[in-house]
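Below: the structure, in structure tokens.
In full-length UniProt numbering, the protein residues as written are 1 to 820.
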């Protein structure tokens with residue numbers, strides 16, 4: 001047995017480090033977090049100084065037991081979890097569990113930290129251990145407690161006022177607000193028409209175009225020409241004034257420097273990987289984790305290729321800079337190397353979660369040299385990280401911009417610009433991506449022919465173009481991460497989980513890689529913005545993040561911070577639970593009057609999704625309901641579109657003396673003939689479905705039912721059936737597996753009963769109840785259709801079933817509890 005035990009988070013990391021340390025060390029993985037708050041009310045007790053009640057995470061219990069067993073034999077323990085708050089908290093939890101079991105008595109306990117997995121970094125970390133940083137643990141516990149208190153207290157209000165199964169998060173809610181507000185901006189946007197004017201100039205050494213900058217003696221502004229008539233009139237005046245040529249009045253040549261971007265931090269890596277590689281934030285972090293934990297490089301063995309990928313620091317170590325400069329001099333020449341290293345200033349006030357930017361652990365490992373050992377995603381991401389790190393230590397690019405003014409008569413003028421690269425500098429390796437191009441970007445690479453004042457340049461023609469202003473773009477993953485970072489919402493380790501949570505809860509969805517809110521997401525955002533304004537306020541959320549950072553620096557105590565938050569928050573939750581009207585919270589909106597009945601038509605969010613309603617609950621007759629179709633929203637649907645929804649159920653015709661109809665029930669669209677129901681397929685539209693297609697769906701349903709029973713026994717409830725996963729035995733109470741060596745149709749009643757008695761498992765009653773409910777409700781076409789078929793399971797769960805971090809969500813817990 002090795003005398004030293006070292007604990008890391010992931011098995012991949014454990015495998016890599018184990019090769020570096022030799023026989024004196026045993027390296028085990030915790031598989032992320034080992035404990036989390038018990039998933040029920042009271043896990044954080046504000047009346048006892050916010051005491052936190054922890055329990056082992058069920059799926060990681062076996063890993064904890066393996067650690068405990070090894071700790072009992074070891075002479076010294078080293079905790080080497082990730083170098084951030086979450087990693088510090090994992091080390092603390094492991095230490096607490098071992099201490100409670102009496103396994104640390106008389107044994108030294110060391111905390112070791114490294115930001116890259118290389119032999120040198122590991123050996124250096126072990127040679128310079130420290131104690132567990134209590135301030136980082138306090139900051140993580142404060143963050144976890146806040147998230148718990150918000151989720152456990154705010155989510156039930158959403159259930160009662162908006163829709164069952166919803167949840168609110170402290171950091172996710174402001175992010176959702178951003179997306180919803182942007183959507184509302186787009187909907188409220190009124191496009192404005194404007195016209196641009198360009199002159200086509202035919203210089204002997206090349207054709208180029210110039211933009212109108214002066215019209216009728218005044219500076220030409222964007223909205224000076226707003227219709228075709230005025231634009232054509234202006235074009236005619238310009239053509240008459242210019243004649244056959246425009247006169248060069250001024251030529252300006254200006255040389256400028258463009259400096260390289262800093263090395264990657266978490267947010268900028270996520271943004272660039274989204275822009276250049278099309279990666280989602282979660283995909284970027286998943287691939288980066290693999291590169292960090294280690295890749296097998298043939299004879300060299302397993303090596304971590306990049307430094308720690310959760311960081312908001314742009315610092316680089318002196319050793320890393322020295323190696324980058326060697327590579328630049330070798331591969332790009334000494335002229336590409338600045339006299340002194342380029343240094344970058346970290347923007348974050350609390351850039352201490354990891355102490356370096358994201359960089360290759362060795363710049364000597366070029367992308368080409370490691371490509372054969374990497375899958376496509378890893379190869380592309382490593383190349384992006386390597387190029388950014390190399391470029392950040394190169395000389396600036398030198399650009400030359402030429403701007404030429406051309407007079408068109410005495411009252412008008414055009415301008416042409418072009419930018420050429422004099423010395424590419426860092427651009428020879430890497431250029432930062434952009435979400436939108438500017439006019440300056442369009443001029444890059446455009447070389448104008450040589451001109452001087454007084455030259456007459458032949459005029460080929462004048463062109464006018466119609467344009468309309470565009471609304472602000474919806475957020476992409478890259479631009480949302482950038483906005484969250486600019487507002488100070490969340491931290492490096494949380495961006496990916498914020499986005500994934502919003503998607504999992506069906507609050508937003510991606511349309512052409514841009515975020516759009518669902519009706520549920522809009523209802524949640526409006527409810528929180530209207531009634532819990534302070535807690536989704538960007539400045540408040542950012543200030544709270546800063547206070548948590550102050551805890552991590554040891555500048556503020558965490559319990560007083562929670563006390564300040566909790567007292568006001570709890571009072572507001574209690575007030576809103578009693579005073580807010582549900583109809584208001586569900587986003588009810590009146591569209592107009594139904595011409596046929598004279599009753600009001602409205603839309604709102606219901607238990608099973610958005611629906612339209614004719615009439616009100618106060619009418620003598622019950623209101624009529626109809627679910628909105630996919631793609632429709634309660635915020636944009638018109639009266640005419642809503643009335644179309646009430647054309648169901650539709651009678652399609654008759655077959656074998658029975659009426660065939662199509663409608664929408666609680667569990668979705670269906671066709672019906674007599675007592676036979678069949679669900680529509682995903683591609684079927686209940687509003688356009690024909691009789692032939694309806695009969696095909698019914699025949700398919702009848703064939704499935706006819707083929708379902710393999711064998712039945714007279715006088716017994718026992719049957720042998722075809723199921724979704726193959727044949728099985730059932731008596732209505734238990735289901736049993738059929739032995740692989742038996743033909744289902746040859747089983748006897750006695751054999752079936754024996755199998756049910758020995759290995760049968762109880763039938764899931766929930767499924768039966770749902771089927772029964774479906775039979776009772778499918779005939780009512782006016783009931784709102786359940787949209788839950790497309791809603792992910794995560795959206796229906798209480799938020800407290802999730803752990804605080806993306807590292808190890810706690811789905812199940814044991815009864816063992818530890819109060820802190």
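Glycine included, C-beta positions come from ideal geometry on N, C-alpha and C.
Item	Value
Nearest-angstrom Cα separation, counted from residue 412 out to residue 419	24 Å
Residue nearest to residue 289 in terms of C-alpha spacing, selected from 28, 603, 381 and 744	381
Rounded distance between the beta-carbons of residue 366 and residue 313, thought under 8 Å	At roughly 25 Å, the Cβ-Cβ gap does not stay under 8 Å, so residue 313 and residue 366 are not in contact.
Own chain partners of residue 768 with C-beta closer than 8 Å, once the 5 adjacent residues on each side are dropped	Reliability of the predicted coordinates at residue 768 is poor, the pLDDT of 40 falling under 50, and no value is obtained from them.
Simplified DSSP assignment, three categories, for residue 328	helix
Integer Cβ distance of residue 415 from residue 210, believed to fall under 8 Å	6 Å
Inter-stretch contact (C-beta, 8 Å, three-pair minimum) for the segment 222 to 234 and the segment 394 to 406	no
Cβ neighbour criterion (16 or more within 10 Å) applied to residue 746	exposed
Residues near residue 654 by beta carbon distance below 8 Å, same chain, minus five either side	660
Residue 238 burial status per 10 Å Cβ neighbour count (16 or more: buried)	buried
Proximity winner among 154, 100, 612 and 6, relative to residue 589 (alpha-carbon distances)	612
Rounded C-alpha distance that separates residue 555 from residue 578	39 Å
Rounded separation between residue 65 and residue 108 - CA only	20 Å
Residue 180 (DSSP reduced to helix, strand or coil)	helix
Bridge-paired residues (DSSP) for residue 408	412
Where residue 26 falls, given that 16 or more other Cβ within 10 Å makes a residue buried	buried
Chain-order list of residues whose beta-carbon lies under 7 Å from that of residue 135 (same chain, five-residue window excluded)	551, 552, 553 and 554
Burial state of residue 672 (16 or more Cβ within 10 Å)	buried
Residue 471 to residue 280 span [Cα, whole Å]	24 Å
Inter-residue CB distance, residue 207 and residue 404 (contact presumed, cutoff 8 Å)	Rounded, the Cβ-Cβ distance is 14 Å, inconsistent with contact.
Residue 420 - DSSP class collapsed to helix/strand/coil	strand
Nearest candidate by alpha-carbon position, reference residue 507, set 38, 2, 129 and 165	165
Three-state secondary structure (DSSP) of residue 655	strand
Residue 531 to residue 256 span [Cα, whole Å]	51 Å
Between the CA atoms of residue 496 and residue 283 - distance to the nearest angstrom	9 Å
Residues that residue 462 bridges to, as DSSP identifies them	199
Bounding residues of the alpha helix (DSSP H) (the contiguous stretch that carries residue 382)	376 to 391
Among 364, 657 and 690, the one whose alpha carbon lies nearest that of residue 670	690
Residue environment, residue 57, which counts as buried when at least 16 other CB atoms sit within 10 Å	buried
Between the CA atoms of residue 177 and residue 264 - distance to the nearest angstrom	27 Å
Alpha-carbon spacing of residue 75 relative to residue 372, whole angstroms	41 Å
8 Å Cβ shell around residue 205 - same chain, five flanking residues per side excluded	449 and 450
Residue 844 (DSSP reduced to helix, strand or coil)	In the structure displayed, the chain extends from 1 to 820; residue 844 sits before or after that span and is not available.
The segment 600 to 617 touching the segment 631 to 647, judged by at least three CB pairs closer than 8 Å	yes
From 743, 28, 748 and 738, residue whose alpha carbon lies closest to that of residue 760	738
Pairwise C-alpha distance: residue 623 and residue 520	22 Å
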